[in-house]
Amino acid sequence: VAAASENGINGAYIQYNTTAGPVEGKINVHLVPHTHDDVGWLKTVDQYYVGSNNSIQGACVKNVLDSLILALQEDPNRKFVYVEQAFFQRWWREQSEEKQAQVKKLVDAGQLEFINGGWCMHDEATVHYIDMIDQTTLGHRYIKQQFNKTPRVGWQIDPFGHSAVQAYLLGAELGFDSLFFARIDYQDRAKRRDQKSLEVVWRGSKTSGSSSQIFAGAFPVHYSPPSGFQFEVNDDSSPIQDDVLLFDYNVDQRINDFVNAAMIQ
Numbered sequence: 001v002a003a004a005s006e007n008g009i010n011g012a013y014i015q016y017n018t019t020a021g022p023v024e025g026k027i028n029v030h031l032v033p034h035t036h037d038d039v040g041w042l043k044t045v046d047q048y049y050v051g052s053n054n055s056i057q058g059a060c061v062k063n064v065l066d067s068l069i070l071a072l073q074e075d076p077n078r079k080f081v082y083v084e085q086a087f088f089q090r091w092w093r094e095q096s097e098e099k100q101a102q103v104k105k106l107v108d109a110g111q112l113e114f115i116n117g118g119w120c121m122h123d124e125a126t127v128h129y130i131d132m133i134d135q136t137t138l139g140h141r142y143i144k145q146q147f148n149k150t151p152r153v154g155w156q157i158d159p160f161g162h163s164a165v166q167a168y169l170l171g172a173e174l175g176f177d178s179l180f181f182a183r184i185d186y187q188d189r190a191k192r193r194d195q196k197s198l199e200v201v202w203r204g205s206k207t208s209g210s211s212s213q214i215f216a217g218a219f220p221v222h223y224s225p226p227s228g229f230q231f232e233v234n235d236d237s238s239p240i241q242d243d244v245l246l247f248d249y250n251v252d253q254r255i256n257d258f259v260n261a262a263m264i265q
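This is the structure:
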């Protein structure tokens with residue numbers, strides 16, 4: 001819920017209330033800015049990081065990291081969760097000691113949080129469990145050494161297929177509070193959405209019992225923003241035009257669009 005100042009009527013700067021906390025009697029929507037940076041897919045890891053070969057896919061992870069740190073510093077109410085250590089560690093090594101100190105402050109303040117924490121967002125259907133353990137250890141060890149933090153949330157939003165090993169060994173046993181994923185069968189998703197059962201307590205091992213269970217949530221649609229709210233350079237979503245002097249001022253319409261998208265989920 002955002003409250004604008006009276007300056008908006010003159011088309012001047014508008015100060016929005018973005019402080020955290022639920023508001024009674026209102027629809028409370030949680031927006032989670034996050035990464036899903038493929039550690040190699042259509043391009044090489046280097047190309048994804050530096051932003052080259054964009055004729056195949058427009059992506060530059062370095063720019064993402066540069067810009068998100070500035071955005072977090074501008075507003076203490078902003079938060080961001082970062083996943084793939086393959087890219088973050090590379091970016092981290094390129095930063096000055098001054099910049100690293102600034103980032104550590106953001107991490108300590110809870111504005112920047114590392115989730116999942118592995119070298120990549122590993123697959124669950126085809127890899128061996130030892131590979132899953134090794135790559136997760138590689139990322140978690142670095143986070144502990146550099147920031148003295150331990151990831152609390154599993155973020156497996158793009159792997160195809162989900163393994164019980166992820167739930168208990170790399171979830172509950174790892175100390176995660178929760179585990180989230182996006183890719184499930186479309187019929188299963190539709191049924192769970194109708195029955196309001198997208199969120200479950202997943203017990204990954206019958207032998208280990210309740211000690212192996214973790215709160216898990218499947219996304220109601222996908223891991224991308226709702227239709228009409230993707231504001232990347234190559235998308236055609238209508239911008240939110242909150243200057244009342246504009247002929248095509250559209251705040252009311254965009255609010256309705258947002259509420260509808262939230263209610264569907």
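full-length UniProt numbering puts the last residue of the sequence shown at 265; the count rises by one with no breaks. C-beta atoms are modelled at their ideal positions from N, C-alpha and C, and glycine is treated no differently.
Which of the three DSSP states, helix, strand or coil, is assigned to Trp41?
Here residue 41 refers to the residue found at position 41 of the sequence shown. Correct three-state label for Trp41: coil.
My output table needs one value for Val165: the three-state DSSP class, helix, strand or coil.
For the purposes of this step, residue 165 is identified with residue 165 of the sequence shown, where counting begins at 1. Val165 falls in the helix class under three-state DSSP.
Measuring alpha carbon to alpha carbon, tell me which residue in Pro76, Lys26, Ala12, Gln265 is nearest Thr19.
Locating residue 19 in the sequence shown gives position 19, where the first residue counts as 1. Taking only the C-alpha atoms, the option nearest Thr19 is Pro76.
Taking the alpha-carbon positions, what's the Ala261 to Tyr16 distance?
The count along the sequence shown starts at 1 and reaches residue 261 at position 261. The count along the sequence shown starts at 1 and reaches residue 16 at position 16. Ala261 and Tyr16: Cα-Cα distance of roughly 21 Å.
Can you list, in chain order, the residues of its chain with a C-beta nearer than 7 Å to that of Leu72? Leave out the 5 residues immediately preceding and following it.
The residue you call residue 72 lines up with position 72 of the sequence shown. Cβ within range, chain order: Arg78, Phe80, Leu106, Gln111, Leu112.
With DSSP as the reference, label Gly217 as helix, strand or coil.
Position 217 of the sequence shown, counted from the start, is the residue given in the question as residue 217. Correct three-state label for Gly217: strand.
Which whole-angstrom value describes the C-beta separation of Phe87 and Tyr49, a residue pair presumed to lie in contact below a C-beta threshold of 8 Å?
Reading the sequence shown from its first residue, position 87 is the one you call residue 87. Reading the sequence shown from its first residue, position 49 is the one you call residue 49. Phe87 to Tyr49, Cβ: 6 Å. Contact.
Could you tell me the distance, in whole angstroms, from the CA atom of Ile184 to the CA atom of Arg193?
Translated into positions along the sequence shown, residue 184 becomes position 184. Translated into positions along the sequence shown, residue 193 becomes position 193. The alpha-carbon atoms of Ile184 and Arg193 are separated by roughly 12 Å.
What is the DSSP secondary structure of Val127, reduced to helix, strand or coil?
Here residue 127 refers to the residue found at position 127 when the sequence shown is read from its first residue. Coil, per DSSP.
Let me know the secondary structure DSSP gives Val231 once reduced to three states.
Position 231 of the sequence shown holds residue 231. According to the sequence displayed, residue 231 carries Phe and not Val. Of the three classes helix, strand and coil, the one that applies to Phe231 here is coil, per DSSP.
In terms of residues, what are the limits of the alpha helix (DSSP H) holding Trp92?
For the purposes of this step, residue 92 is taken as the residue at position 92 of the sequence shown. It spans 85-93 - the alpha helix (DSSP H) in which Trp92 sits, taken as one unbroken run.
Confirm, please, whether the CB-CB distance from Gly118 to Gln146 is below 8 Å.
Position 146 of the sequence shown, counted from the first residue, corresponds to residue 146. Position 118 of the sequence shown, counted from the first residue, corresponds to residue 118. No, Cβ-Cβ distance for Gln146 and Gly118 is not below 8 Å.
Please say whether Ile27 and Tyr259 have beta carbons closer to each other than 8 Å?
Within the sequence shown, the letter at position 259 stands for residue 259. Within the sequence shown, the letter at position 27 stands for residue 27. One detail in the question is off: residue 259 reads as Val in this sequence, not Tyr. Yes, Cβ-Cβ distance for Val259 and Ile27 is below 8 Å.
What are the boundary residues of the alpha helix (DSSP H) that Tyr186 is part of?
For the purposes of this step, residue 186 is taken as the residue at position 186 of the sequence shown. Here the alpha helix (DSSP H) through Tyr186 covers 186-195.
Roughly how many angstroms separate the alpha carbons of Cys120 and Thr35, rounded to a whole number?
Working through the sequence shown from its first residue, we reach residue 120 at position 120. Working through the sequence shown from its first residue, we reach residue 35 at position 35. Taking the straight line from one Cα to the other gives about 11 Å.
Using only alpha-carbon positions, find the residue among Gln253, Val165, Leu68 that is nearest to Asp242.
Residue mapping note: residue 242 aligns to position 242 of the sequence shown, counting from 1. Taking Asp242 as reference, the option from Gln253, Val165, Leu68 with the minimal CA-CA separation is Gln253.
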